[in-house]
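Mind the numbering: the sequence shown is residues 13 to 134 in our numbering, read in order.
Idealized CB from N, CA, C, for every residue including glycine.
These notes are about the structure you will find just below.
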Amino acid sequence: MQHLDHNVILRIHPQAVQNVDFYVRIVGENAQPELVWLTDSLPEPTPDELQAAIATELAERQARAYIARRAAEYPPMQDYIDAQVKKASSDPAVREAGLAQEAAYISACAAIKTKYPKGESK
Numbered sequence: 013m014q015h016l017d018h019n020v021i022l023r024i025h026p027q028a029v030q031n032v033d034f035y036v037r038i039v040g041e042n043a044q045p046e047l048v049w050l051t052d053s054l055p056e057p058t059p060d061e062l063q064a065a066i067a068t069e070l071a072e073r074q075a076r077a078y079i080a081r082r083a084a085e086y087p088p089m090q091d092y093i094d095a096q097v098k099k100a101s102s103d104p105a106v107r108e109a110g111l112a113q114e115a116a117y118i119s120a121c122a123a124i125k126t127k128y129p130k131g132e133s134k
C-alpha cells in the first residue's frame, strides 16, 4: 500500500507502539510498504481505515510543505538582528541604515510568504 508508514498507523491507533504493536516493512526493490500487525490488544486497521489515514496524512504533509520552502529562501536571521543593533545606535546615520535594513528584511520575508502561501504545496 503506497505511502503507508508508521504515522498512518498512529493516526488510527495513537496508543500503538511501533515495533511492539506493529511495523511497516518493504520487501524487495520497488515493493509497496506492508503492515505487519503484532498485537491482539488493538484491532488491526482495515484497508479502508488505512486508505483514509493515508489520504489524511498526505493532505497534511502537502499543507505543511510551504514551511520548508519558505525556510529555504528566507534571508538569514542575522540580517534582522544586525538591523536591530544598528537601530539602537546613537549615530543617526547608523540608525537610518538599520531602519532601511529592517525594511528590506521584512520586504524579503513578505515576498517569500507570497511566493509560498500557507497550505499550498506548489
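Assigned secondary structure, GLU114 (DSSP; H/G/I helix, E/B strand, else coil) = In the structure shown, GLU114 sits in a helix (DSSP, three-state: H, G or I).
GLN30 (DSSP reduced to helix, strand or coil) | GLN30 falls in the strand class under three-state DSSP.
Cβ pair TYR35, VAL20 closer than 9 angstroms = no
With LEU47 as the anchor, note down where its beta strand (DSSP E) starts and where it stops.
-> 46-49
Indicate the three-state DSSP secondary structure (helix, strand or coil) for TYR86 in the structure shown.
-> Correct three-state label for TYR86: coil.
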